[in-house]
Structure formats: C-alpha cells, structure tokens
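Colleague: Under our numbering, read the sequence shown as residues 1149 to 1451, first letter to last. The C-beta atom is built at its ideal place from N, Cα and C for all residues, glycine as well. Just passing along the structure, written as structure tokens.
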Amino acid sequence: MNIFMTGGSGFVGTTLTRELTARGHEVTVLSRPVEKRHTLPDGASFLEGDPTDKGPWQEHVADHDIFINLAGASIFSKWTDEKKKEIRESRILTTRNLVEAMSARQGKETHLLSTSAVGFYGYHGDEFLDESSLAGTDFLATIAADWEATALGAEQFGVRVVLCRFGIVLGKRGGALEKMSSAFKYWMGSPLGSGKQWVSWIHEQDLARIFLFLLDHKDLKGPVNFTAPEPVRNREMTEILGRTLEKPTFLPPVTPFFIKMILGEFGDVLLKGQRVIPDMLLRNGYEFLFPTMEAALKDLFRK
C-alpha cells in the first residue's frame, strides 16, 4: 500500500514508519523544510510541505490510498492564548487541508486513520469510558471533537475514516515517559496531586501494531481507543516506574497548587485524567503485547 503520513517526524511517527516499511508498505512523510529530518528506513521518503498551509504537497495526495494523520503541536507546556491557538490550528488546519486534497481520490478505495486523543471524553473520575462515551466540554475535549468532525468530512468522498483516540504514548525516544523518567533518575519522582487520577496509556509497539491491525480489518471505522486494557492511577504508575528504574519514591506528592502555578490550565490534564478502555479493539480480537504498565515499563527500560 502507498501511505501518506503527516506528523511523521515525531517519535510516534518514526516508530510507525519503521513498522509499516518493515511490512512492505511505501510511506511518504510530509515534512516542513525547517524540521530536523531523521534518517528514514528503506521504503520511506520525505515530501516537503507545511500541512497547515495549502500548497503543492496536496497534489501528491491522489497517489496514495492510505492516509495516517498524526500532525499536531505538543500539549505539554503552559497554555497561553498563543499556545492554545497553535494546538488548535495545527490539528484542524492540517486535517482540513488533507481532507480537501483527498477529494481527488473520490471513487477509489481510500482509508484515513486520523489521530485524536482520549482527552475527547473530558474528566470523569473513576467512570469507565469506551468509544460510545460522549465528548467532554473542556479545552482539549472541544478541540478533539472538532478535530474528529473535520476528519469525518472525508466520508463525503467515500473515504473510510478511523478516529484514533490516543492515550499517553510510552516510548523509548521521547514523549511523556522521557519527561517523567528524568525526575526519577535524580530521585525526584513523586505522585501528582492526590495520585488517584487515572492514566490511560499505550506502549509504542502496541500503538504501531494497532495501526497495522486496522489496515487489515477494513470493516472497522469511527472511534477506536488506542489505550492498553489496564489503565492505572497516577500513584500506581509512579510506584511502578520507581521500581523499574530502581529509584524508590519517597518524596511527598507534588501539590495541585504548585502544578497549577507552573502549568496553568494544562495542569488539569495531569491532575484529573480519564479511565479509558479499548473496547473496540478487544471486541474485534486485538491482542496486546503490553497489557500492563509493569510489562510496558520493563520492556522500555530493558538494558
């Protein structure tokens, strides 16, 4: 298959590109000229262009039959008005421009696997959330809902659309785990707030394998939770990470006041969370390599 990927320069995109080309797929990675480009595996190539702007890159879309839309600015920082605008536009404009270009595929078998996030559901305490749960009303939830609605616009061209709701992706070369583990290496690891908030997560290998699973199961469409079947509380995750790194946690929890003072509104993401279950994947026979946090972290920090 010929696959077109936005956001392929991040750690999720590089892992996924490696897995896709290993299966014999051809991958085109859309990349801004200013981005530092990593070496791509055989079977993958860069196409220069800014996905938030219309441009010549859109003319190449018709040459592909699979589209994986990963592009979106990181949410891991204090949310100023400018940062909020960047978070929103990087997702909505990229998806809108990609869907617009996909009109040239009308009448041909085409698949769009478009990233979203479990932030779609908002904050629900201990409530179990699956793909049938409704959208929340906070900043991230409204962005995710608009992001998904924009992707679903491709259905007017006969495109199958899968909405890939990511949990926190745990990987070796970046993302949230890199930020968390750095504190533990200096014996500074501790729970956040009450520590009771749920963390819905996914190992990077399972994430890549789920994309492959969805390429093979073309009957699946709509929302799919990319999360492991066993979410954990923040306190439990902290303890597992400390054991794995052999850096026991003994410091008191970081207070909500301090987190909100440093991170503002983004602090709610760390202090509240959501308890998400991958019901669609489990019902359709996907088998997780890393269903538990303990197994995932042992693999990621294996020497």
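Report the three-state DSSP secondary structure of Met1149 (helix, strand or coil).
Modeller: Met1149: coil per DSSP, three-state reduction.
Colleague: Please give me, in chain order, every unbroken run of the beta strand (DSSP E) with length at least 3 that falls completely inside the stretch 1370–1443.
Modeller: Segments of the beta strand (DSSP E) lying fully in the stretch 1370–1443: 1370–1374.
Colleague: On the three-pair Cβ rule with 8 Å, is the stretch 1403–1413 touching the stretch 1223–1237?
Modeller: Because the criterion of three Cβ pairs below 8 Å is met, the stretch 1403–1413 and the stretch 1223–1237 touch.
Colleague: Can you say whether Ser1264 is buried or exposed, counting buried as having 16 or more other CB atoms within 10 angstroms of its CB?
Modeller: Ser1264 should be labelled buried.
Colleague: Output needed for Ala1293: all residues of its chain with C-beta closer than 6 Å, excluding positions within five of it in sequence on either side, in chain order.
Modeller: So the qualifying residues of the chain are Ala1283.
Colleague: Would you say Val1177 and Phe1194 are within 8 Å of each other, going by their C-beta atoms?
Modeller: For Val1177 and Phe1194, yes; Cβs fall inside 8 Å.
Colleague: Report yes or no: do three or more beta-carbon pairs, one from the stretch 1264–1280 and one from the stretch 1364–1375, lie closer than 8 Å?
Modeller: Yes: the two stretches touch, three or more of their Cβ pairs being nearer than 8 Å.
Colleague: Pop quiz: Phe1438 and Ala1376 are said to be a contact at Cβ under 8 Å. What is the actual Cβ separation, rounded to whole angstroms?
Modeller: Contact flag correct, Cβ pair sits at about 7 Å.
Colleague: On the three-state DSSP scale, how would you describe Val1347?
Modeller: Three-state DSSP puts Val1347 in a strand.
Colleague: Which partner residues does Arg1313 have in the DSSP bridge list?
Modeller: Ser1264 and Asn1373.
Colleague: With a cut-off of 8 Å on the beta carbons, I'd call Leu1260 and Val1317 a contact; round off their distance for me.
Modeller: Actually they do not touch by this definition, with Cβ atoms about 20 Å apart.
Colleague: Measure the C-alpha to C-alpha separation of Asn1432 and Phe1268 and round it to an integer number of angstroms.
Modeller: Distance between the alpha carbons of Asn1432 and Phe1268 is about 22 Å.
Colleague: What number of angstroms, rounded off, separates the C-alpha of Ile1388 from the C-alpha of Thr1165?
Modeller: Roughly 30 Å between the two C-alpha positions.
Colleague: Given a threshold of 16 other Cβ atoms within 10 Å of its Cβ, counted over all protein chains shown, does Glu1137 qualify as buried or as exposed?
Modeller: With the chain covering 1149 to 1451 only, the question about residue 1137 has no answer from this structure.
Colleague: Which class does Arg1171 belong to by DSSP, given the choice of helix, strand or coil?
Modeller: Coil.
Colleague: Taking the alpha helix (DSSP H) that Ile1216 falls in, what are its first and last residues?
Modeller: Here Ile1216 belongs to no alpha helix (DSSP H); instead the beta strand (DSSP E) covers Ile1214 to Asn1217.
Colleague: Do Thr1163 and Gly1319 have their C-beta atoms within less than 8 Å of each other?
Modeller: For Thr1163 and Gly1319, yes; Cβs fall inside 8 Å.
Colleague: Using DSSP's beta-bridge definition, name the partner residues of Phe1276.
Modeller: According to DSSP, which records beta bridges pairwise, Phe1276 is partnered with Arg1423.
Colleague: Mark Leu1399 as exposed unless 16 or more other C-beta atoms lie within 10 angstroms of its C-beta, in which case mark it buried.
Modeller: By the 10 Å Cβ count, Leu1399 comes out exposed.
Colleague: Hey, how far is the Cα of Thr1397 from the Cα of Thr1440?
Modeller: In a straight line, the C-alpha of Thr1397 is about 20 Å away from that of Thr1440.
Colleague: Could you spell out where the beta strand (DSSP E) holding Ala1192 opens and where it closes?
Modeller: Ala1192 -> beta strand (DSSP E) spans Ala1192 to Glu1196.
Colleague: Would you grab the beta carbon distance between Met1250 and Val1310 for me? Rounded to a whole angstrom, and I think it's under 8 Å.
Modeller: The pair is not a contact, with the Cβ atoms about 14 Å apart (cut-off 8 Å).
Colleague: Could you say which of Phe1215, Thr1298 and Leu1340 lies nearest to Leu1363 if we only look at CA atoms?
Modeller: Among Phe1215, Thr1298 and Leu1340, the Cα nearest to that of Leu1363 is on Phe1215.
Colleague: Since Ala1356 contacts Glu1167 with CB under 8 Å, what's their CB separation in whole angstroms?
Modeller: Indeed they touch by this definition, with Cβ atoms about 4 Å apart.
Colleague: Would you say Glu1196 and Ser1179 are within 8 Å of each other, going by their C-beta atoms?
Modeller: Yes, these two residues count as a Cβ contact at 8 Å.
Colleague: Using C-beta distances below 8 Å, list every residue in its chain close to Ala1324, excluding the 5 sequence neighbours before and after it, in chain order.
Modeller: Within the same chain, Ala1324 has close Cβ partners Phe1224, Ile1316, Val1317 and Leu1318.
Colleague: Which residues in the same chain have their Cβ closer than 7 Å to the Cβ of Pro1189, if we skip the five residues on either side of it in sequence?
Modeller: The answer, listed in chain order, is Thr1165, Arg1166 and Thr1169.
Colleague: What I want to know is whether the C-beta of Arg1450 ends up closer than 7 Å to one or more non-hydrogen atoms of the ligand HEM.
Modeller: For the structure depicted, the ligand HEM is absent and the ligand set is empty, with no information on it obtainable.
Colleague: Taking Gly1341 and Leu1419 to be in contact with their CB atoms under 8 Å, please state how far apart those CB atoms are, rounded to whole angstroms.
Modeller: With 8 Å as the limit, Gly1341 and Leu1419 qualify as a contact, their Cβ atoms being about 4 Å apart.
Colleague: Just tell me which of Pro1339, Gln1353, Trp1295 and Glu1237 has its CA closest to the CA of Glu1384.
Modeller: The option with the nearest alpha carbon to Glu1384 is Pro1339.
Colleague: Would you identify the three-state DSSP class for Arg1357, choosing helix, strand or coil?
Modeller: Helix.
Colleague: Take Glu1352 as the anchor and find which of Phe1305, Met1149 and Gly1161 has the nearest alpha-carbon.
Modeller: Answer by Cα proximity: Gly1161.
Colleague: Rounded to a whole number of angstroms, what is the C-alpha to C-alpha distance between Trp1295 and Arg1239?
Modeller: Each residue's Cα considered, the two are about 6 Å apart.
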